[in-house]
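For the protein sequence lines, the chains are A and B, in the order given.
My numbering numbers the first residue of the first sequence as 6 and each following residue consecutively.
My numbering numbers the first residue of the second sequence as 6 and each following residue consecutively.
2 protein chains.
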Amino acid sequence: MITIGRLAEYAGVSVKAVRHYHERGLLAEPGRDSSGYRRYTAQHAVDLVKIRTLAAAGVPLARVKDLLDADPDQLAEAIAEIDGDLRDRIEGLRRTREQLAQLRGGERLFVASEVAAHLDELRALGASDRQIRLERDGWILMHTASPEDAAVWITEKRELIEGDAEFRALYLDHDAAFGWAPDDPRLAALADRTRTWMAGHRSRSEPRPVQNPAIARLARQSQPGATSPAWDRLARLMQD
Amino acid sequence: MITIGRLAEYAGVSVKAVRHYHERGLLAEPGRDSSGYRRYTAQHAVDLVKIRTLAAAGVPLARVKDLLDADPDQLAEAIAEIDGDLRDRIEGLRRTREQLAQLRGGERLFVASEVAAHLDELRALGASDRQIRLERDGWILMHTASPEDAAVWITEKRELIEGDAEFRALYLDHDAAFGWAPDDPRLAALADRTRTWMAGHRSRSEPRPVQNPAIARLARQSQPGATSPAWDRLARLMQD
DNA sequence: GCTTGACCCTGCCCCTGGGGCAGGGTTCGA
DNA sequence: TCGAACCCTGCCCCAGGGGCAGGGTCAAGC
Numbered sequence: 006m007i008t009i010g011r012l013a014e015y016a017g018v019s020v021k022a023v024r025h026y027h028e029r030g031l032l033a034e035p036g037r038d039s040s041g042y043r044r045y046t047a048q049h050a051v052d053l054v055k056i057r058t059l060a061a062a063g064v065p066l067a068r069v070k071d072l073l074d075a076d077p078d079q080l081a082e083a084i085a086e087i088d089g090d091l092r093d094r095i096e097g098l099r100r101t102r103e104q105l106a107q108l109r110g111g112e113r114l115f116v117a118s119e120v121a122a123h124l125d126e127l128r129a130l131g132a133s134d135r136q137i138r139l140e141r142d143g144w145i146l147m148h149t150a151s152p153e154d155a156a157v158w159i160t161e162k163r164e165l166i167e168g169d170a171e172f173r174a175l176y177l178d179h180d181a182a183f184g185w186a187p188d189d190p191r192l193a194a195l196a197d198r199t200r201t202w203m204a205g206h207r208s209r210s211e212p213r214p215v216q217n218p219a220i221a222r223l224a225r226q227s228q229p230g231a232t233s234p235a236w237d238r239l240a241r242l243m244q245d
Numbered sequence: 006m007i008t009i010g011r012l013a014e015y016a017g018v019s020v021k022a023v024r025h026y027h028e029r030g031l032l033a034e035p036g037r038d039s040s041g042y043r044r045y046t047a048q049h050a051v052d053l054v055k056i057r058t059l060a061a062a063g064v065p066l067a068r069v070k071d072l073l074d075a076d077p078d079q080l081a082e083a084i085a086e087i088d089g090d091l092r093d094r095i096e097g098l099r100r101t102r103e104q105l106a107q108l109r110g111g112e113r114l115f116v117a118s119e120v121a122a123h124l125d126e127l128r129a130l131g132a133s134d135r136q137i138r139l140e141r142d143g144w145i146l147m148h149t150a151s152p153e154d155a156a157v158w159i160t161e162k163r164e165l166i167e168g169d170a171e172f173r174a175l176y177l178d179h180d181a182a183f184g185w186a187p188d189d190p191r192l193a194a195l196a197d198r199t200r201t202w203m204a205g206h207r208s209r210s211e212p213r214p215v216q217n218p219a220i221a222r223l224a225r226q227s228q229p230g231a232t233s234p235a236w237d238r239l240a241r242l243m244q245d
């Protein structure tokens, strides 16, 4: 006859768990010996291993109880279902591992992969860290506001960065302008060039680039220090 | 600015979970708008995705909290550890799936694989279901009592079943004798043959076969109906 | 015979990671 | 202007046990 400790060890569960299964009515209470100790039979061990296996698969104990006295067909069906969702969970954990690996490598994890690639391109182009953070936050906000629009816009923006040298130059100049004095004469010139580019560009295609007011507004709200005196002045100059 | 619902959707968690993270101090409470609604920034989204990733990896929230403001080295170390035990958990689930598959196929699951193979051999030999159940229970009991001894004994028993024709015959006759009348004259003859075999066998090797009293006693205690009048008589005959 | 350590008993409270519901108020689009 | 879809706080509930208290018991070694 088996004591509770040996039974638990055989089945690979804790003694506490065995008592818990008794309470829940999953495992029959065995007889007691003269001192009140529970004394188990081999059948209990068989039942317990069955319970443990189902519980380890994440089946709620209440359902385990039902399955224990289900007929073989129902059991087989239930097992198939449990197995399927075990497979899904394994797959989910596998993906979690991948994300975890990215968490090691910085912030790529936190944005859609298109956006992550775009941020890498901007970094390669020489954009400032501040600018890149601003972009990241802007895209996150846009993504929450409208995932579909964000997907279209990011594609167009990447095409511009890749294919339009004047756009790249303007982008970097805007970035640099962040720290200029508000009365810096270069601001007016930059505003001019930008308007010229936009006029030429707007006639060919609809989206507006970085300076898109909606994005700017969102980004500004998203984080303190998202604008500067020079940028405010630049915005006013371009408004005219 | 993002509402709690959009934030939750972006990060793939429930609204309730977001509030829970606030309560636990994992995610900073954002400002409120004029009607008391929480209004999030992109930074919150970044933080939340980080939290979700760690939580999905099974890291307790209390530890997630610590990791959020750990320095990069500590974080990297922790991630390596978390990743390792994610790998272990995937492996564990994979094994659970295998056991689940066996649960479909009967009782092999509940005993060590050596024993399962032995039970299959006995079935192939033509042993009764009752006998096989008795064996299964006996081995489970032995295994809980002393896994090392059980391992040795099962090996020896399988060798006998495979290599000793007289042992096989005796085994099947003992099985059949279960249902005989207690005064069946075949019992005395069987007892004789058994004693003869044991005498010849004991001289070559130490273990005693099926009739091993310890096993018999264990098996008898393990389950009602583990003996019969004929078996009791057989035991008395062999004792003489 | 006595001690010591390993078991066993019941009962109670505690934890995590949220879910659900009540009983409100708010916003937004048609 | 109205209904659906959000949002708020607060409260109780769940599984699946862990931990601890405050006992009793058993087996081995001395």
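Built from N, CA and C at the ideal position, the CB exists for glycine as well.
inquiry  = As a quick exercise: from B:G30, B:P234, B:R100, B:R109, pick the residue whose alpha carbon is nearest that of E82 of chain A.
reply    = Numbered from 1 along the first sequence, position 77 holds the residue referred to as residue 82 of chain A. Out of B:G30, B:P234, B:R100, B:R109, B:R109 has the C-alpha closest to the C-alpha of E82 of chain A.
ask   = Grouping DSSP H, G and I as helix and E and B as strand, with all else coil, what is V20 of chain B?
value = Position 15 of the second sequence, counted from the start, is the residue given in the question as residue 20 of chain B. In the three-state reduction of the DSSP assignment, V20 of chain B falls in the helix class.
query = What three-state label does DSSP hand Y45 of chain B in the structure shown?
reply = The residue labelled residue 45 of chain B in the question sits at position 40 within the second sequence. Residue state, collapsed to three classes: strand.
query = Is the region 188-196 of chain A close to the region 147-157 of chain A, with three or more CB pairs under 8 Å?
reply = In this structure the region 188-196 of chain A does not touch the region 147-157 of chain A; the number of beta carbon pairs closer than 8 Å is below three.
request  = Closer than 8 Å by C-beta to V69 of chain A: which residues in its own chain qualify, once you throw out the five before and the five after it? Chain order, please.
outcome  = As a first step, residue 69 of chain A must be located in the first sequence, where it is residue number 64. Once the five neighbours on either side are set aside, the close Cβ partners of V69 of chain A are L31, I56, L59, A60.
key: Closer than 9 Å to chain B by CB, H2 of chain A   = Because chain A spans 6 through 245 in this model, residue 2 of chain A falls outside it and cannot be assessed.
inquiry  = Taking 8 Å as the cut-off, does the region 63-78 of chain B touch the region 8-27 of chain A (at least 3 CB pairs, one atom from each stretch)?
reply    = With a cut-off of 8 Å, the region 63-78 of chain B and the region 8-27 of chain A do not count as touching, because too few Cβ pairs lie within range.
ask   = Roughly how many angstroms separate the alpha carbons of A186 of chain A and A240 of chain A, rounded to a whole number?
value = Translated into positions along the first sequence, residue 186 of chain A becomes position 181. Translated into positions along the first sequence, residue 240 of chain A becomes position 235. Cα-Cα distance, rounded: 14 Å.
ask   = Among B:T199, B:A122, B:S233, which residue has its Cα nearest to the Cα of M243 of chain B?
value = Locating residue 243 of chain B in the second sequence gives position 238, where the first residue counts as 1. Of the candidates B:T199, B:A122, B:S233, the residue whose Cα lies closest to the Cα of M243 of chain B is B:T199.
request  = Determine which residues of the region 12-46 of chain A have a Cβ less than 8 Å from any Cβ of chain B, and write them out in chain order.
outcome  = Against chain B - using a Cβ distance shorter than 8 Å - the residues of the region 12-46 of chain A are L12, E14, Y15, T46.
query = Helix, strand or coil: which one does DSSP assign to G89 of chain A?
reply = The residue given as residue 89 of chain A occupies position 84 in the first sequence. Residue state for G89 of chain A is assigned as helix, using DSSP reduced to three classes.
request  = Say whether chain B places a C-beta atom closer than 9 Å to the C-beta of I9 of chain A.
outcome  = Along the first sequence, read from residue 1 onward, the residue named residue 9 of chain A stands at position 4. So, not an interface residue.
query = Any residues in the region 63-82 of chain A with a beta carbon nearer than 7 Å to a beta carbon of chain B? Which ones, in chain order?
reply = Listed in chain order, the positions of the region 63-82 of chain A with a beta carbon within less than 7 Å of a beta carbon of chain B are A81.
task = Look at the alpha carbon of A219 of chain A and the alpha carbon of A85 of chain B, and state the distance between them as a whole number of angstroms.
result = As a first step, residue 219 of chain A is located in the first sequence; it is residue number 214 there, counting from the start. As a first step, residue 85 of chain B is located in the second sequence; it is residue number 80 there, counting from the start. Per-residue confidence for A219 of chain A stands at a pLDDT of 47, beneath the threshold of 50, marking its modelled position as unreliable; the derived number appears in the next sentence. Distance from the CA of A219 of chain A to the CA of A85 of chain B, rounded to the nearest whole angstrom, comes to 41 Å.
request  = Taking Q104 of chain A as the query, report the chain B residues whose CB atoms sit under 7 Å from its CB, ordered along the chain.
outcome  = Counting from one through the first sequence, the residue named residue 104 of chain A turns up at place 99. For the C-beta of Q104 of chain A, the chain B residues within less than 7 Å are, from N- to C-terminus, T58.
Any C-beta of chain A under 9 Å from that of A122 of chain B = As a working note, residue 122 of chain B is residue 117 in the second sequence. Closer than 9 Å: no.
message = What ranges does the alpha helix (DSSP H) occupy inside the region 97-128 of chain A, keeping only unbroken runs of at least 4 residues that lie completely in it?
response = Correct list: empty.
query = Which chain B residues sit within Cβ distance under 7 Å of A61 of chain A?
reply = For the purposes of this step, residue 61 of chain A is taken as the residue at position 56 of the first sequence. Contact annotation for A61 of chain A against chain B: T101 [CB-CB distance below 7 Å, chain order].
ask   = If you run the structure through DSSP and keep just helix, strand and coil, what is G36 of chain B?
value = Position 31 of the second sequence, counted from the first residue, corresponds to residue 36 of chain B. In the structure shown, G36 of chain B sits in a strand (DSSP, three-state: E or B).
key: Chain-ordered neighbours of H148 of chain B on chain A, where CB pairs are closer than 7 Å   = Here residue 148 of chain B corresponds to residue number 143 of the second sequence, with the count starting at 1. Taking a Cβ-Cβ threshold of 7 Å, the residues of chain A close to H148 of chain B are Y15, in chain order.
ask   = For D90 of chain A, which of A:E103, A:G63, A:I159 has the nearest alpha-carbon?
value = Against the first sequence, residue 90 of chain A aligns to sequence position 85. The shortest CA-to-CA distance from D90 of chain A to any of A:E103, A:G63, A:I159 is the one to A:G63.
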